[in-house]
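In this note's numbering, the protein residues as written are 1 to 472. Glycine included, each C-beta is placed from N, C-alpha and C at the ideal position. Keep in mind the model is a prediction, meaning the values are calculated, not measured.
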C-alpha cells in the first residue's frame, strides 16, 4: 500500500507495523508467543494489569549495561592516549534512589543540578565526593549544604557564585574543588532549546573572560581549581561539535597552566539516541575514540600532557532503557484537507489514537516537537498499516505523544501502546496538569518487576490542598 501523504518525509512506511526496531527499543524488548511486547521477560499485558497505565517500564540490565559500556569505552580510548576519565551520570535525565545506586555500583559518579537531586543521590548512599553540582542559579542554601556534606566538585557558572562557594567553603573549613563552565560558542546541531553553548543564553562564562575569572577563583584559598567545563547541547549525533569545543577550550587550558595546575577538562554530555527508525545515533565506541584522538592531537600540538577528561552522559544511558505503556481510549479518523506536504494530494486521513496519558508524563513532543515511535503492545496484527498521531487526554491541541507513526489499522480502544526511549526527561519533567497523577516507574529484570518510584494517587494530589484543612 502507498504511504500516507500526510506522513513526514523521514517516516518510512513499514513492511511490518509490529516490528520493534532494535535501535529504538530497549535491548530486552521482544514480542512473546502471544504477540504481546515483553520487556526483560515480563509482558506488557501483565505489567498493565498489575500496575496500571500510564506506566514507565525501565529495563534494568539495559540501563546498567549502557552505563558500564560508556565507562569502558572512554576508559579504553583515553587510556590509549595516556589519560583517565571521570564519567558522571547526568541525573537530570532521570534520577531516583535506585538509579543512583545502580550508577554508583557500576563505577560512575553522579552529576546533580539542584538541592533536590543532591538529596536523592545522598539518600541513595552515594558518596558525596563522587557528586558534582551544576546549575546557573544555585541558591546560597544549596551551596552551603553541598559544601557541608563534602561535595566532590562544583561547576561554577557565574562570578557571583565564586564568592558564594568560597564563603561557604571557608565557613566549613574546607578547600572546595570547582570547575568553571565556559560558553565555547560552539553551535551544536540540535533543537534551539537544547543548544547550551550559544552566546545569547544563560549558561557559562564567555571564553574571553575565562583567564580573569580563573584568577579570581585561584585568589580564594578555600577553592581549588580543577579545570574548564563545556556543555554544547543535547541530542547530538556527531562528534565534530565536541571536538571543536575541545579545540577552543584547549587553547585556554594551556594558557591557564602558566598560572597553576589545571588537572581536568570536562567535555560535558549530550550524546544523542534514536527515538525513531530515522535517527542514527553515533556508537559510543566511535565517539570515545574520536574524542580521545582529538584531545590527544591537541595535547601534542601544544606540548602538554593529556588532562584527565570528564564527561556527563545521561540520556544515552537511561533514555533507550525505558518504555512508557498507555491504554488506548478513543480513536478518530480525521480527514485532512489542508496542511499536506507540498505537492501532495489533499483529502488524506490521519488516525488520531488517544491514550490515558500525554503531556503530563512526556512534555517533550509539545516542548521541542520531539518525535517518538509507537507500537501496539498487547498483541500483533496482520492489518494494513495506517498513519496515526498518538494524542494525550489533556485540554491542549498540542498534547501529542507521537506526532507520526504507522500502526496496524485495526488499533482499537483497550489496546496497549508502547512508546520506547522515554527514559530521559519523561518522568523528571512530568506534571499534574489537569490533575492527572504522575505514573509509577517499574524496573524489570529476569522476568520480575518491581516498583522503584510509586505512582501518585488522587489522595496524593489532594494531600497538599490546604483548603481542605480549615473551615470552608
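Coil, strand or helix - residue i by DSSP
| i | result |
| --- | --- |
| residue 476 | Summary: the structure shown does not reach residue 476, with the chain confined to residues 1 through 472, and so no result is reported for it. |
| residue 109 | strand |
| residue 433 | helix |
| residue 201 | coil |
| residue 301 | helix |
| residue 38 | strand |
| residue 235 | coil |
| residue 448 | strand |
| residue 82 | coil |
| residue 316 | helix |
| residue 354 | strand |
| residue 31 | strand |
| residue 74 | helix |
| residue 413 | coil |
| residue 90 | strand |
| residue 440 | strand |
| residue 246 | helix |
| residue 275 | coil |
| residue 286 | helix |
| residue 501 | Lying before the first or after the last residue shown, residue 501 is absent from the chain, which here runs from 1 to 472. |
| residue 229 | strand |
| residue 363 | coil |
| residue 144 | helix |
| residue 295 | helix |
| residue 264 | strand |
| residue 422 | coil |
| residue 407 | strand |
| residue 97 | helix |
Residue-level contact to chain D via CB, residue i, 8 Å cutoff
| i | result |
| --- | --- |
| residue 127 | Here there is only one protein chain, and chain D is not present. |
Whole-angstrom distance between residue j and residue i, CA atom to CA atom
| i | j | result |
| --- | --- | --- |
| residue 380 | residue 368 | 31 Å |
| residue 206 | residue 14 | 47 Å |
| residue 354 | residue 225 | 52 Å |
| residue 108 | residue 314 | 11 Å |
| residue 10 | residue 466 | 49 Å |
| residue 485 | residue 269 | Outside the shown range of the chain, which is 1 to 472, sits residue 485, and nothing can be said about it. |
| residue 259 | residue 217 | 12 Å |
| residue 140 | residue 462 | 32 Å |
| residue 395 | residue 319 | 27 Å |
| residue 468 | residue 393 | 27 Å |
| residue 57 | residue 208 | 46 Å |
| residue 12 | residue 294 | 36 Å |
| residue 282 | residue 237 | 6 Å |
| residue 60 | residue 443 | 6 Å |
| residue 245 | residue 186 | 6 Å |
| residue 106 | residue 68 | 6 Å |
| residue 309 | residue 75 | 10 Å |
| residue 275 | residue 424 | 11 Å |
| residue 241 | residue 18 | 36 Å |
| residue 86 | residue 429 | 27 Å |
| residue 157 | residue 387 | 46 Å |
| residue 406 | residue 7 | 9 Å |
| residue 305 | residue 251 | 13 Å |
| residue 433 | residue 212 | 45 Å |
Contact set for residue i: own chain, Cβ-Cβ below 7 Å, skip 5 residues either direction
| i | result |
| --- | --- |
| residue 285 | 73 |
| residue 398 | 366 |
| residue 249 | 182, 184, 228, 230 and 265 |
| residue 457 | 437 |
| residue 94 | 318, 423, 424, 427 and 428 |
Beta-carbon separation (whole angstroms), residue i vs residue j, contact threshold 8 Å
| i | j | result |
| --- | --- | --- |
| residue 291 | residue 267 | 7 Å |
| residue 377 | residue 416 | 4 Å |
| residue 477 | residue 439 | Nothing can be reported for residue 477, as the shown portion of the chain is limited to 1 through 472. |
| residue 426 | residue 361 | 6 Å |
| residue 142 | residue 96 | Their Cβ separation, rounded to whole angstroms, is 20 Å, which puts residue 142 and residue 96 out of contact at 8 Å. |
| residue 311 | residue 421 | Not really, about 21 Å apart at Cβ, beyond 8 Å. |
6 Å CB neighbourhood of residue i in its chain, flanking five on each side removed
| i | result |
| --- | --- |
| residue 302 | 254 |
| residue 256 | 214 and 262 |
| residue 38 | 30 and 32 |
| residue 21 | 277 |
| residue 66 | 317 |
| residue 204 | 181, 182 and 183 |
| residue 104 | 126 |
| residue 90 | 111, 269, 312 and 314 |
8 Å CB neighbourhood of residue i in its chain, flanking five on each side removed
| i | result |
| --- | --- |
| residue 174 | 147, 150 and 222 |
| residue 334 | 349, 350, 351 and 352 |
| residue 192 | Confidence in residue 192 is poor, its pLDDT being 41 and thus under 50, which makes the residue's placement unreliable; the coordinate value appears in the next sentence. Closer than 8 Å at Cβ, skipping near neighbours: no residue. |
| residue 414 | 327 and 328 |
| residue 336 | 6, 346, 347, 348, 349 and 350 |
query: Below 8 Å, can you find three or more Cβ-Cβ pairs linking the stretch 25-44 to the stretch 398-414?
result: no
I want to know whether the stretch 42-59 touches the stretch 73-87 - three or more CB-CB distances under 8 Å. no
- Taking one C-beta from the stretch 112-126 and one from the stretch 309-326 each time, how about it: are there three or more such pairs within less than 8 Å? no
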